[in-house]
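Under our numbering, the first residue of the sequence shown is numbered 67, with each subsequent residue one higher.
All residues carry an ideal CB built from backbone N, CA and C; glycine is no exception.
Data block below; observations after.
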Amino acid sequence: MLGGAGDAAAAPASASSDLIYYSVAPDVRLNVRSGPGSNYHIVKVLPYDAKVPLFCQTPGTTESGYYGTSNIWDCIGTNQYVSDTYVHTGRDGYVTSRCS
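The following block contains the structure:
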């Protein structure tokens, strides 16, 4: 099942100097999805060695990836989400505010 419009929160406005960029797992070209789950459309694929901003985080489908298993999805732009299991945040759990 694909997520419909309105299911995914837009990225909040934030000054670029306030954003922290996190590294994507090594040797991974990460799928960016339109919502917080593997059931959403792929909107683009990140290149190797990408770094991503985290505007907010939200629960979604549970995924297993380079950094373990989690249901946390990171919003990296308006309607752009990646599984937190591929982002090196330095710890388990939420590291920024939840998406509204």
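Taking 6 Å as the limit between beta carbons, can you name the residues of its chain near residue i, skipping five residues before and five after?
| i | result |
| --- | --- |
| C127 | Rather than Cys, the amino acid found at residue 127 in this sequence is Thr. So the qualifying residues of the chain are G103 and S104. |
| K117 | Y87 and S89 |
| T155 | Y88 and V161 |
Which two residues bound the contiguous beta strand (DSSP E) that contains residue i?
| i | result |
| --- | --- |
| Y114 | That residue, Y114, is in no beta strand (DSSP E); it is neither H nor E in DSSP. |
| C165 | No beta strand (DSSP E) contains C165, which DSSP labels as neither H nor E. |
| V98 | N97 to R99 |
What's the call for residue i, buried or exposed, on a 16-neighbour Cβ count within 10 Å?
| i | result |
| --- | --- |
| D115 | exposed |
| G111 | The amino acid at residue 111 is misidentified as Gly; the sequence shows Val. With fewer than 16 Cβ atoms within 10 Å of its Cβ, V111 is classed as exposed. |
| T144 | exposed |
Given residue i, which residues of its chain have a CB within under 8 Å of its CB, disregarding the five upstream and five downstream residues?
| i | result |
| --- | --- |
| G134 | T151 and D158 |
Quick one: residues in its chain with C-beta nearer than 7 Å to the C-beta of residue i, no 5 flanking neighbours on either side, listed in chain order?
| i | result |
| --- | --- |
| A81 | Confidence in A81 is poor, its pLDDT being 48 and thus under 50, which makes the residue's placement unreliable; the coordinate value appears in the next sentence. So the list is empty, once near-sequence residues are dropped. |
What does residue i pair with, by DSSP beta-bridge criteria?
| i | result |
| --- | --- |
| S149 | W139 |
Less than 7 Å between the CB of residue i and some heavy atom of the ligand ZN, yes or no?
| i | result |
| --- | --- |
| S130 | The ligand ZN is absent from the structure shown, which contains no ligands of any kind. |
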